[in-house]
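These protein sequence lines map, in sequence, to chains A and B. Sequential numbering from 0 applies to the first sequence in numbering that gives the first Met the number 0. Sequential numbering from 0 applies to the second sequence in numbering that gives the first Met the number 0. Everything below concerns the one structure shown next.
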Amino acid sequence: MIDIDELPEKLKSLDSGSAVALKVDVEAYFDVITTLTDDFTKDKEMQVIYTTSTISSSTIIQVLDAFEIDKSKVQFVDAVSYMTMGVEEHPDGVTYVESPTMLENISLKIEYLLKKYPTEENTVVIDSIDSLAIHNHNRILSEFLHILISNLRSHECYTFIMSVSEQDSEEIDNMLAMVCDDFIEIGSSE
Amino acid sequence: MRTKDEITIIPDEKREKCVTGIEGLDTILNGGIPRGNSVLITGSCGTGKTTLSLEFLVHGARKDENCLFISVTEASEKMLNNVVPYDFFDSSLIEEGKLNFVDAPDIYKELGLIDKSEFSFEEINGLIDKINDIVEKNDIKRLVVDSVTSICFQLKTEEKIRDFMLNLMKTLSSHDCTSLLVSEISPEASRYSQYGVEEAIADGIIMMGNLERQGDLLRTLQVVKMRGTDHSRAKYVLDLTSVGVLLVPMLKGGGEERGGERL
């Protein structure tokens, strides 16, 4: 396990096209989000496609605003707000998927954003595999990850699949081990 | 009967392909639709038939091919306003005559068919001749008829539909014109076309559908048949976006039962 403060340095050593499982202590959850959307992409021509099925994009946007993080390079694929009837308007930078069970549509929205906003480098974050597992059987989830990561590798995207340590499951760990190149466990600095 | 010396057989792998420009579809079709094929784009309402067909033409026009959309069910102007506004669409394609629109009622009017509830064989031939003239005169290489079902509605008999479809496809093929013939079917239809005749004659069938899975409605696409090329027969999920039609393989979940349906 590494400390959250060590994460930026660890990410720097990754090759493009890497798929990385990030097992995150719940205390470090928001720090990981800011690291991925800010520290990792800073000084690069890099777009972040942040797919959320855990908490709404509007909540994450509030967090980024609180940390004064530049959101211009962040695009959200929000697969949770429609399900919770939380979509009142369609803000810029947010693309909605009606339900976290529509895994193909999550892939399609990521593909759309890659084509719509072509940049030199891209990072795709899946937040989180645990919340997707609530709504989908593990076998279909494995298939989804396999196809998605293969496709993102062909685009040379960095892919980060988040899971929360407190929701540990052997089956999820095995699934991630099968499709990811690296497995990083992150604890809180406190 | 033609002798074997009079027949030129071109192997599938050597047939020229009409690259649709729809990335996922070209992959499914192993490079595109064999040039000169007539393909039935079939499905119920809201499945994306018109949008996909129009995108096929826009990509053709961008590649300097003359393209024609024959709109039967609604005025082409209204149809254009309702389809997804593509990022790659350039109105100069219309101004330069690369992308052309004709409303079928205008053709009917010219041929004196506007008030006819049923077309005779002669009138069908007149219609084919008119389409042939337009294709020949404008060197049309891609054509969409939206929808062929609406034309067939005025032909009434299976015999006339067969005659119309065969002659239309023969005419288009003779000009190396690749065509998408939009076919409307009801969601619960057990076949690929309204009258059954169209699907038997067409060189290819692309089936578009709405799949309900656990209360989610997914748009799907499946190439059922395509003469002259190897192709995938798997089902794909599609999205209609401003960057064009996007496709991903439909997940099967190892054959798990979901929502009462075996995937």
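The C-beta atom is built at its ideal place from N, Cα and C for all residues, glycine as well.
The closest CA to that of LEU140/A, considering only LEU175/A, ASP167/A, PRO117/A and GLU110/A, is found on LEU175/A. Note that the stretch 66 to 85 of chain B does not touch the stretch 203 to 218 of chain B; fewer than 3 beta-carbon pairs, one per stretch, sit closer than 8 Å. Put simply, the backbone Cα of THR240/B is about 7 Å away from that of TYR111/A. Along the stretch 122 to 143 of chain A, going in chain order, the ones with a CB nearer than 7 Å to a CB of chain B are HIS136, ARG138, ILE139, GLU142 and PHE143. Listed in chain order, the non-local C-beta contacts of GLU88/A below 7 Å within the same chain number zero, local neighbours out to five positions each way being set aside.
For GLN221/B, DSSP records a beta bridge to MET206/B and LYS234/B. Looking only at MET249/B, ASP229/B and ASP175/B, the smallest Cα-Cα distance to CYS66/B is reached by ASP175/B. Interface with chain A (8 Å Cβ-Cβ cutoff): PRO248/B is included. Beta-bridge partners of ASN121/A (DSSP): GLN46/A. Listed along the chain, the chain B residues whose CB falls inside 7 Å of the CB of SER106/A are VAL247.
Within the same chain, and ignoring the five residues on either side of ILE171/A in sequence, the residues whose Cβ sits closer than 8 Å to its Cβ are ILE128, ASP129, ALA132, ASN137 and SER162.
Taking 8 Å as the CB threshold, LEU175/A stays off the interface with chain B. Taking the beta carbon of LEU13/A as reference, no residue of chain B falls within 7 Å; the closest one sits roughly 25 Å away.
Around the Cβ of ILE148/A, a 10 Å sphere holds 16 or more other Cβ atoms; the residue is buried. Taking a Cβ-Cβ cut-off of 9 Å, LYS70/A has no neighbours in chain B, whose nearest Cβ is about 21 Å from it. Of the other Cβ atoms in all chains shown, fewer than 16 fall within 10 Å of the Cβ of LYS108/B; this residue is therefore exposed. Taking 7 Å as the Cβ-Cβ cut-off, the stretch 195 to 220 of chain B approaches chain A at GLN213, ASP215 and LEU217, given in chain order. A direct Cα-to-Cα measurement between SER15/A and LYS108/A gives close to 21 Å. As a beta-bridge residue in DSSP terms, MET161/A pairs with LEU21/A and ASP126/A. From the beta-carbon of THR49/B, no residue of chain A is found nearer than 8 Å; the closest lies around 19 Å away. The residues ARG61, in chain order, have a CB closer than 8 Å to that of ASP89/B in the same chain once the five nearest residues on each side in sequence are set aside. Taking C-alpha positions only, ALA103/B is separated from ASP69/A by approximately 53 Å. Unbroken beta strand (DSSP E) stretches of 3 residues or longer found wholly inside the stretch 111 to 173 of chain B: 139 to 145, given in chain order.
Closer than 8 Å to the CB of LYS41/A there is not a single CB belonging to chain B. Counting C-beta pairs with one atom in each stretch, the stretch 146 to 164 of chain B and the stretch 121 to 128 of chain B have three or more that are closer than 8 Å, which means they touch. Closer than 8 Å to the CB of ILE146/A there is at least one CB belonging to chain B. The beta carbon of LYS140/B sits no closer than 8 Å to any beta carbon of chain A.
The Cβ neighbour count for PRO99/A, taken over all protein chains shown within 10 Å, is at least 16; the residue is labelled buried. At a cut-off of 8 Å, the C-beta of LYS234/B has no neighbouring C-beta in chain A.
Here GLY59/B carries a helix assignment [DSSP, helix/strand/coil]. If you ignore the 5 residues before and after ASP132/B, its C-beta comes within less than 7 Å of no other C-beta in its own chain.
Shown here, VAL93/A sits in a strand according to DSSP, grouped into three states. For the pair LEU220/B and LEU246/B, the CB atoms are nearer than the 8 Å cut-off.
Closest option to VAL242/B, judged by alpha-carbon separation, among VAL73/A, PRO117/A and VAL23/A: PRO117/A.
Comparing alpha carbon positions, the residue from ASP77/A, PRO7/A and GLN166/A closest to PHE39/A is PRO7/A. Residue state for GLU67/A is assigned as coil, using DSSP reduced to three classes.
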